[in-house]
Structure formats: C-alpha cells, structure tokens
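Student:
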C-alpha cells in the first residue's frame, strides 16, 4: 500500500 | 551431522505456526551455536529472525554448518504429528537430502519418526545493524495482540507514539478513530501485566497493522513482548525464549502523507 517502505532501505544485503 | 533434542516439541511447533504465514520456504542454518533462521516476506517489508541457541537443546551436536532448506507448510504438517509434550529430536547428515524428526512420548513407549525432503533455497541475507533504540517497550504479549487486532478492525495502519512514561497506539480509519495509551506499570502480584517504557527520545512511527497482527501469532511463545523503536528505522518486535533464544520480527515503517 502507499507509503510502505521496504527493508532494503535500512538493511544491506550481505 | 546435526542432532538436536528439544525437551518439548511445542517450542518448535509454536515458532513454525507463528512464522509460516509470513515466510514460506526458508533455510534453518545450523552450526555449533545453534539453529538460526532469517527470512523476509515476499514484499520485503517484514523480516523474521529466529535464534534457537544450542543451550535450548539437550544434547546439541552440529559439527559443520548445515543449511536445512524447508518448506514451512510441510514442516507444520509434520510438527502437528507431535504432541506438545513430546521430546523432539532433529537429525540431519552433513550434506542432507532430508531432515529427520523423532517424537518421543516421555510417558508412553511411543516413538514416531518422520522425514521432510529438503529444498535448495537461495536466500538473500540482510545485515541488521546493532541499534541503540530510542524507545524500548516491554508489555504483555496478549495485550499487544489485542491492541493490534482491535485497531486492525478500524484501520490499515497504526501510529506508535512513545513519550516519557507512556506509549500510545493511534489509528485513523474510515469509520472512525481509535487510541490506546499504556503507562509504565509494575506490580509485584501480577508481574505478567507489567509495562515498562524506556525512552531516550520521543518516537512516532506508523506501521501496517496487517504485519503486526501476523507477528502476534508468536504470542504463545512468551508472556511478554518487546517493541524497540527509533525514528526512521524498522520496528523490532521481540519474543524472548529460554536460554537467550529469541524470535524477532522487523517491520519497515510507512511514510506519512
């Protein structure tokens, strides 16, 4: 839904 | 090889029940420190992080790193074949095709043996930074579940606002609005009802209730739940288990209008 961010913005892939 | 014996099958049953609607296929990463799992939901909004430390098991043996790729639906089907009080033992070879589960009744002479076929799962792994959260709220897990359920009837989202000594759950929906405030509360007689709010600065964040309601399926694992919040970072919802084991959920915030 609108405004929902995803975790990729906060946690980096390792 | 892996050999891990749990005194009570119910722990694993509850963990899988709690996460299986959020993630479908995941790797159970086994090494000498225990069994860990990290998986994101399909939309990459929520993340499950489970750690069952080796001390949770007795005995626990795992000489090498073994990834057990398991479909949680299949896992749940097999775990339902165990009684809650059964002793559960997980076994796998070093390069396994299957994971074996043995359920033993402590009262009867019954031994049940099941295998689950493993899958190759190419899973993204995220690094979660150590965070000093601005607000940490510990409250009864049942209370948190009720708040999330109640508010989800009114709205898709909840704002969690933590300030000195109080935390407020606020929602605005089409039919009306709702707000629940909790204050620090401690009782010697009923410690299970305690609410503790630790705060270094005020926090206000908005989250999707659909995910929070899902996380609350873990309420049966622990009488209390910990909510950790900082502005502009994902919410951490933690259920602590015995022996420093845990089931954690992370949820990315929503941005305001």
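Protein chains in written order, with our numbering: chain A, 1 to 14; chain B, 1001 to 1257.
Positions of the beta carbon are idealized from the N, C-alpha and C atoms, including for glycine.
(1) Please report how far the alpha carbon of residue 1147 of chain B lies from the alpha carbon of residue 1215 of chain B, in whole angstroms.
(2) Starting from residue 1196 of chain B, trace the beta strand (DSSP E) in both directions and tell me its first and last residue.
(3) Give the secondary structure of residue 1085 of chain B by DSSP, where H, G and I count as helix, E and B as strand, and everything else as coil.
(4) Give the list of continuous beta strand (DSSP E) stretches no shorter than 3 residues that lie fully inside the segment 1004 to 1073 of chain B.
(5) Does the Cβ-Cβ distance between residue 1253 of chain B and residue 1221 of chain B come in under 7 Å?
(6) Between the segment 1236 to 1250 of chain B and chain A, which residues of the former have a C-beta closer than 9 Å to a C-beta of the latter?
(7) Anything in chain A within Cβ reach of residue 1047 of chain B, meaning under 7 Å, just list it in chain order.
(8) Please list, in chain order, all residues of the same chain as residue 1172 of chain B whose beta carbon is under 7 Å from its beta carbon, the five residues on each side excluded.
(9) Looking only at its chain, what residues have a beta carbon closer than 6 Å to the beta carbon of residue 1228 of chain B, apart from the 5 residues adjacent to it on each side?
(10) Could you pull the DSSP bridge partners for residue 1091 of chain B from this structure?
(11) Taking the alpha-carbon of residue 1070 of chain B as reference, which of B/1209, B/1043, B/1105, B/1020 has the nearest alpha-carbon?
(12) Using the Cβ count rule (16 or more neighbours within 10 Å means buried), how would you classify residue 1055 of chain B?
(13) Quick one: Cα of residue 1174 of chain B to Cα of residue 1153 of chain B, how far?
(14) Could you give the distance in angstroms between the alpha-carbon of residue 1038 of chain B and the alpha-carbon of residue 1110 of chain B?
(15) Using beta-carbon positions only, say whether residue 1102 of chain B and residue 1249 of chain B come within less than 7 Å of one another.
(16) Compare the C-beta of residue 1173 of chain B against all C-beta atoms of chain A and say whether one is closer than 7 Å.
(17) Looking at chain A, is there any beta carbon in it that lies within less than 7 Å of the beta carbon of residue 1124 of chain B?
(18) Output the boundary residues of the alpha helix (DSSP H) element that contains residue 1213 of chain B.
(19) Leaving out the 5 sequence neighbours to the left and right, which residues in its chain are closer than 8 Å to residue 1241 of chain B when beta-carbon positions are compared?
(20) Give every residue of the same chain whose Cβ lies closer than 8 Å to the Cβ of residue 1058 of chain B, excluding the five residues on either side of it in the sequence, and list them in chain order.
(21) State the Cα-Cα distance for the pair residue 1245 of chain B and residue 1095 of chain B, rounded to the nearest angstrom.
(22) For the pair the segment 1027 to 1047 of chain B and the segment 1058 to 1068 of chain B, tell me if three or more CB-CB distances fall below 8 Å.
(23) Looking at chain A, which residues of the segment 1126 to 1150 of chain B have a Cβ within less than 9 Å of any of its Cβ atoms?
(24) Going by DSSP in three states, residue 1147 of chain B sits in which element: helix, strand or coil?
(25) Examine chain A for any beta-carbon lying closer than 7 Å to the beta-carbon of residue 1255 of chain B, and answer yes or no.
(26) Does the Cβ-Cβ distance between residue 1098 of chain B and residue 1068 of chain B come in under 7 Å?
Tutor: Judging by the given coordinates:
(1) Residue numbering aside, residue 1147 of chain B sits at position 147 when the second chain is read from its first letter. Residue numbering aside, residue 1215 of chain B sits at position 215 when the second chain is read from its first letter. Going from the Cα of residue 1147 of chain B to the Cα of residue 1215 of chain B covers about 13 Å.
(2) As a position in the second chain, residue 1196 of chain B is number 196, starting the count at 1. Looking at the DSSP string, the run of the beta strand (DSSP E) that includes residue 1196 of chain B is 1196 to 1199.
(3) Numbered from 1 along the second chain, position 85 holds the residue referred to as residue 1085 of chain B. It is coil, neither helix nor strand.
(4) 1025 to 1031, 1034 to 1040, 1046 to 1053, 1060 to 1062, 1066 to 1071
(5) Taking the second chain and counting its residues from 1, one reaches residue 1253 of chain B at position 253. Taking the second chain and counting its residues from 1, one reaches residue 1221 of chain B at position 221. No. Outside cutoff.
(6) 1250
(7) Translated into positions along the second chain, residue 1047 of chain B becomes position 47. Chain order gives the chain A residues near residue 1047 of chain B as 7, where near means a beta carbon separation below 7 Å.
(8) Within the second chain, the letter at position 172 stands for residue 1172 of chain B. Correct list, in chain order: 1155.
(9) Walking along the second chain from the start, residue 1228 of chain B turns up at place 228. Closer than 6 Å at the Cβ level, and outside the excluded window around residue 1228 of chain B, lie 1133, 1136, 1236.
(10) Stepping through the second chain from its first residue, residue 1091 of chain B is reached at position 91. Residue 1091 of chain B pairs with B/1003, B/1100.
(11) For this step, residue 1070 of chain B is matched to residue 70 along the second chain. When only C-alpha atoms are compared, the closest one is B/1020.
(12) If you number the second chain from 1, residue 1055 of chain B lands on position 55. By the Cβ neighbour-count rule, residue 1055 of chain B is exposed, with fewer than 16 other Cβ atoms within 10 Å of its own.
(13) On the second chain, position 174 is the one that residue 1174 of chain B refers to. On the second chain, position 153 is the one that residue 1153 of chain B refers to. Using only the alpha carbons, I get a separation of about 10 Å.
(14) In the second chain, counting from the first residue as 1, residue 1038 of chain B sits at position 38. In the second chain, counting from the first residue as 1, residue 1110 of chain B sits at position 110. Distance between the alpha carbons of residue 1038 of chain B and residue 1110 of chain B: 34 Å.
(15) Here residue 1102 of chain B corresponds to residue number 102 of the second chain, with the count starting at 1. Here residue 1249 of chain B corresponds to residue number 249 of the second chain, with the count starting at 1. Not in contact: residue 1102 of chain B and residue 1249 of chain B (Cβ atoms no closer than 7 Å).
(16) In the second chain, the residue the question calls residue 1173 of chain B occupies position 173. No, residue 1173 of chain B does not count as interfacial toward chain A.
(17) On the second chain, residue 1124 of chain B is found 124 positions in, with the first residue counted as 1. Taking Cβ atoms only, chain A reaches closer than 7 Å to residue 1124 of chain B, which makes this a yes.
(18) For this step, residue 1213 of chain B is matched to residue 213 along the second chain. From DSSP, the alpha helix (DSSP H) with residue 1213 of chain B extends over 1209 to 1215.
(19) If you number the second chain from 1, residue 1241 of chain B lands on position 241. Closer than 8 Å at Cβ, skipping near neighbours: 1011, 1052, 1056, 1221, 1222, 1247.
(20) To locate residue 1058 of chain B, count along the second chain from 1; it is residue 58. 1005, 1007.
(21) Indexing the second chain from 1 puts residue 1245 of chain B at position 245. Indexing the second chain from 1 puts residue 1095 of chain B at position 95. Distance between the alpha carbons of residue 1245 of chain B and residue 1095 of chain B is about 26 Å.
(22) yes
(23) From the segment 1126 to 1150 of chain B, only 1126, 1127, 1128, 1129 have a Cβ closer than 9 Å to chain A.
(24) The count along the second chain starts at 1 and reaches residue 1147 of chain B at position 147. Residue 1147 of chain B falls in the helix class under three-state DSSP.
(25) Translated into the one-based positions of the second chain, residue 1255 of chain B becomes position 255. Interface residue, yes.
(26) Taking the second chain and counting its residues from 1, the one referred to as residue 1098 of chain B is at position 98. Taking the second chain and counting its residues from 1, the one referred to as residue 1068 of chain B is at position 68. The answer is no: Cβ separation not under 7 Å.
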